[in-house]
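Participant: Okay, handing you the structure first.
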Amino acid sequence: MGITIQEASRKSGLSAHTLRYYERIGLIHEVDRGPNGHRSYAAPDLNWLDFLTKLRATGMPIAAMCRYAELRRQGSKSFAERRRLLQAHRERVKAQIAQLTGDLAVLDHKIDFYTAQENE
Numbered sequence: 005m006g007i008t009i010q011e012a013s014r015k016s017g018l019s020a021h022t023l024r025y026y027e028r029i030g031l032i033h034e035v036d037r038g039p040n041g042h043r044s045y046a047a048p049d050l051n052w053l054d055f056l057t058k059l060r061a062t063g064m065p066i067a068a069m070c071r072y073a074e075l076r077r078q079g080s081k082s083f084a085e086r087r088r089l090l091q092a093h094r095e096r097v098k099a100q101i102a103q104l105t106g107d108l109a110v111l112d113h114k115i116d117f118y119t120a121q122e123n124e
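Each residue of the sequence shown is one higher than the one before, starting from 5 at the first, in my numbering.
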């Protein structure tokens with residue numbers, strides 16, 4: 005027995021509109037429907053949504069996420085290509101982290117400067 009789109013929205017942190025959009029563009033498979041015709045999300049659907057949320061939070065473009073989803077539907081024969089796609093994304097994330105770390109150091113320096121000036 006699955007959960008409604010509203011419950012899936014609450015658990016995933018994604019709006020019902022986003023869930024329908026993800027289904028429409030193929031990021032998630034066509035979700036099963038209950039006898040009443042309403043979407044019924046199962047635990048694997050929520051796990052997949054959690055992973056998609058992580059990809060999006062790390063800046064992966066929707067097009068790349070769609071490519072990954074397409075590869076996932078191909079099964080084990082696409083493992084190598086999925087790994088390469090994730091490795092390339094990981095490198096972009098690491099570069100963003102390095103940039104943000106440098107930016108944070110500049111902010112810390114300025115804060116320390118102003119704190120020192122205020123304490124004089």
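Cβ atoms here follow ideal geometry from the backbone N, Cα and C, with glycine treated the same way.
Taking DSSP as the reference, what is the three-state secondary structure of Ile-29?
Facilitator: In this structure, Ile-29 counts as coil in the three-state DSSP scheme.
Participant: If you measure between the beta carbons of Met-64 and His-33, is that distance less than 8 angstroms?
Facilitator: No. Outside cutoff.
Participant: Are the beta-carbon atoms belonging to Gly-30 and Ala-73 less than 8 angstroms from one another?
Facilitator: Contact flag set, yes.
Participant: Pull up the distance between the alpha-carbon of Lys-81 and that of Trp-52, whole angstroms please.
Facilitator: Those two C-alpha atoms are separated by around 19 angstroms.
Participant: Where Asp-107 and Met-69 are concerned, what is the direct C-alpha to C-alpha distance, given to the nearest angstrom?
Facilitator: Asp-107 and Met-69: Cα-Cα distance of roughly 28 angstroms.
Participant: If we count the other Cβ atoms within 10 Å of its Cβ and call it buried at 16 or more, is Ile-9 buried or exposed?
Facilitator: Buried, since its Cβ has 16 or more Cβ neighbours within 10 Å.
Participant: Can you tell me whether Arg-43 is buried or exposed, with buried defined as 16 or more other CB within 10 angstroms of its CB?
Facilitator: Buried, because 16 or more other Cβ atoms sit within 10 Å of the Cβ of Arg-43.
Participant: With Ser-199 and Thr-57 assumed to form a contact (beta carbons below 8 angstroms), what rounded beta-carbon distance in angstroms separates them?
Facilitator: Because the chain is modelled from 5 through 124, residue 199 falls outside the range shown and cannot be assessed.
Participant: I need the straight-line Cα distance from Gln-78 to Ala-84, nearest angstrom please.
Facilitator: Taking the straight line from one Cα to the other gives about 12 angstroms.
Participant: Can you tell me the Cα-Cα spacing of Leu-50 and Ala-61, whole angstroms?
Facilitator: If you take the alpha carbons of Leu-50 and Ala-61, they lie about 16 angstroms apart.
Participant: Note down, one range per segment and in chain order, each alpha helix (DSSP H) of at least 4 residues found wholly within the segment 22-87.
Facilitator: Taking only runs of at least 4 residues, the alpha helix (DSSP H) segments lying wholly in the segment 22-87 are 47-61 and 66-77.
Participant: Jot down the residue ranges of each uninterrupted beta strand (DSSP E) in the segment 86-118, minimum 3 residues, whole runs only, in chain order.
Facilitator: The segment 86-118 contains no whole beta strand (DSSP E) run of 3 or more residues.
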